[in-house]
Every structure is written in structure tokens, then in C-alpha cells.
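Numbering (the numbering used here), first residue to last: 619 to 938. Where is the CB? At the ideal position from N, CA and C, for every residue including glycine. Here the structure is a predicted model, which is why all the values come from computation and not from measurement.
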Amino acid sequence: MEGTTLIVLVLILLALTIVKKGIIMVQQGSECTVERFGEYYTTLKPGLHFVMPFFYVVGAKINMKEQVLDVPSQEVITRDNAMVRVDGVVFFQVLDPVKAAYEITNLEVALLNLVTTNIRTVMGGMEMDELLSQRDHINVRLLGVVDEATGPWGVKITRVEIKDISPPRDLVDAMARQMKAERDKRAQILEAEGLKQAEILRADGMKQSAILKAEGEKEAAFRAAEARERSAEAEAKATEMVSQAVNQGSVQALNYFIGTKYVDALQSIASANNQKVIMLPLEATNMLGSIAGIGEIAKEAFAQRTEKGSTKSKAKVWEE
């Protein structure tokens, strides 16, 4: 009886051990490959699964989430023989757990070596200035090369980023001096352009001023010519009237004409700036005669007006 009980307990314990060994729990974000007698059989998705122990075993547990791999710093020689230190980071995700488990050994080490080699290849074919100014282009090239190489492994490279590019100290100082010289050059060019524009504007302003001045002088000359023309017309008319008066026997008109000319000549001599003392070798009787002639003309004109007025009054009286 006791022997039978012991056998039952052993069988129950063996059954529990077999059941426990056959139960497989797969976490979310992971997948497991199952092998039967050492050969791939199936893939277990996340959840609770049961397989026959001793016949089926779990071959590999694959992380299906996107993972990050840090690329350590390394030295790279550029095309122009400049040595720089470069480090980066790689993001990848397993799409096919079977290939990731059976097509490559130690996936992370293989990815790290692949990215390191391609960083040296891509960046070694570029010059120093291109490395510093075309980092996005470097990332795109690395992504294309590495993703193509990891395709047979069932891995998708999502991103490759260069974190830091560190040139030598002497090269950094040389680049700083070059940048300063370039900025000084640009400042001088901008200053020269500003001076050039200012000279152009100044010349344009002087041109416009000269044009306006010439137009003003032209207008003034036209006005002066017109004034001289009118003065000449008035002079000719006055001369004609004097001639008519002389022909009619009026000597006072001639004296008036000579007197006005005489007075104008004296006025022009007196108004000169370079004349301080004026000597007039003239006869006072001539001046007095001219002035007397002017007075006689005024008397004659007044007498003629009076005579005309009396004539009109007499005519008016006769009419009444």
C-alpha cells in the first residue's frame, strides 16, 4: 500500500514537472523560436504557450522592439589627411526573428562592427569641411549602406546618427582664424559696397542739383533776355517819341532824354563796390540844364492838360 502511494506521488511530481517544462510565457515585444530535435519548427508570439517537453525546446528569444546601439569613438582620416574623432548611435529593429536567430551570430556585435567600418569608409572619402557642413548627408549615406547590408539578417536600420566630430586642437584654431579672416573679408566687402552706394547716391544728387541749377540759370537767362528785350523796346519807343518831339520843335524832350541818361550814368558809377572816392569832371551847368529841361517838360505837359481841360469846359458851356 505504501509502495503504491509512493509510485503515485512520483508520477504526479513527474507530470507536474513535464507540464511546467512545457509551459512557455512570451513577453510583449518579444518572440521565441521553437526547435524540434535541433531544427527550427515555429515562432511563438507574445502570450502563454505549451509545447511538448523533450521534443520541442525554445531556440532563441528575440527582442522585437526598436533598439539603440552606441557606437564608440574612433579616429577617422579624411581625404585631405585630417584626423578626426567620431562617435555615433544606431537605431535598429528586428523584423524577422528567424533570420535574426539563424542567419547571424551575435547580432549586436555584427551591427557595431558593420557601422564602424562604414563610418570610416564614408567619412574617409570626404574632406574636413564637408564633414563639418554635411552631417545630414553623412547620416543618409550610412543609413543606406548599413540597412542594405543588414537586410539578410532580418534587421531594419531605422536611423544612423553621428553624434560628435572632434577635429584636432590645432586644426580647430586654424579653422577659427580662417573663419575670422572670412568674416573680416565680408565686412570689408560690405563696407566697400556701402561706400560705393553712397558715392553713387552723392553723384546722382550732384547731377540732379547741376541739372536743376542749369535749368534755373536757363530760366533766369530767358527772363533777363526778355527783360532786356522789353527795355530795348521801351528805349526805342522813348527815342522815337523824343525824335518826334524834336521834329516838332520841342527842345525840352531832348533835354529830358539826355538828363535821364546822365542820371543813370551817375547812379551806376556811385553804386560800384570798388569806388570809394568819385571824381566828377563834369560841368554843373549841364546837370542843371538837364534838370531844367525836365522841369520845362513837366510844365509843358501840365499846361497842355490845363488847356485841354478848359477847352472841354468851354465846349460844355456852349452846348448848354
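- By the C-beta criterion, the segment 762–777 is judged to be in contact with the segment 732–747, since at least 3 inter-stretch pairs fall below 8 Å.
- Approximately 34 Å separates the beta-carbon atoms of Gln-711 and Glu-745; this is outside 8 Å, ruling out the contact.
- Checking the DSSP bridge columns, you'll see Glu-847 has no partner listed.
- In this structure the segment 821–831 does not lie against the segment 777–796, because fewer than three pairs of beta carbons, one per stretch, are closer than 8 Å.
- C-alpha of Glu-693 to C-alpha of Arg-738: approximately 8 Å in a straight line.
- Gly-772 counts as buried, since at least 16 other C-beta atoms from the protein chains shown sit within 10 angstroms of its C-beta.
- Per the DSSP secondary-structure output, Asp-782 pairs in a beta bridge with Asp-705.
- In this structure, the beta-carbon distance from Lys-781 to Val-707 falls below 7 Å.
- Membership of Gly-665 in any alpha helix (DSSP H) is not indicated; the residue belongs instead to the beta strand (DSSP E) covering 665–668.
- Pairing Ala-719 with Ala-678, the inter-Cα distance amounts to about 6 Å.
- Judged by their CB atoms, Ile-756 and Pro-715 are not nearer to each other than the 7 Å cut-off.
- At a Cβ-Cβ threshold of 7 Å, Lys-639 and Pro-671 count as neighbours.
- By the CB criterion at 7 Å, Asp-705 and Val-689 fall inside the cutoff.
- For Arg-697, the secondary structure class from DSSP, reduced to helix, strand or coil, is coil.
- When only Cα atoms are considered, Leu-624 and Phe-668 end up about 28 Å apart.
- Under the three-state reduction of DSSP output, Asp-822 falls in the helix class.
- The three-state secondary structure of Met-744, taken from DSSP, is coil.
- Here Thr-768 carries a coil assignment [DSSP, helix/strand/coil].
- Residue burial annotation: Glu-649 is buried, with at least 16 other C-beta atoms found within 10 angstroms of its C-beta.
- Counted as a single uninterrupted DSSP element, the beta strand (DSSP E) harbouring Lys-679 occupies residues 674–681.
- Per DSSP, the beta-bridge partners of Arg-777 are Phe-709.
- For Thr-651 and Ile-636, the gap between their C-alpha atoms comes out near 20 Å.
- Rounded to the nearest whole angstrom, the CA to CA distance from Gln-806 to Lys-814 is 12 Å.
- Each residue's CA atom was taken as its position, placing Gly-647 and Ile-641 some 19 Å apart.
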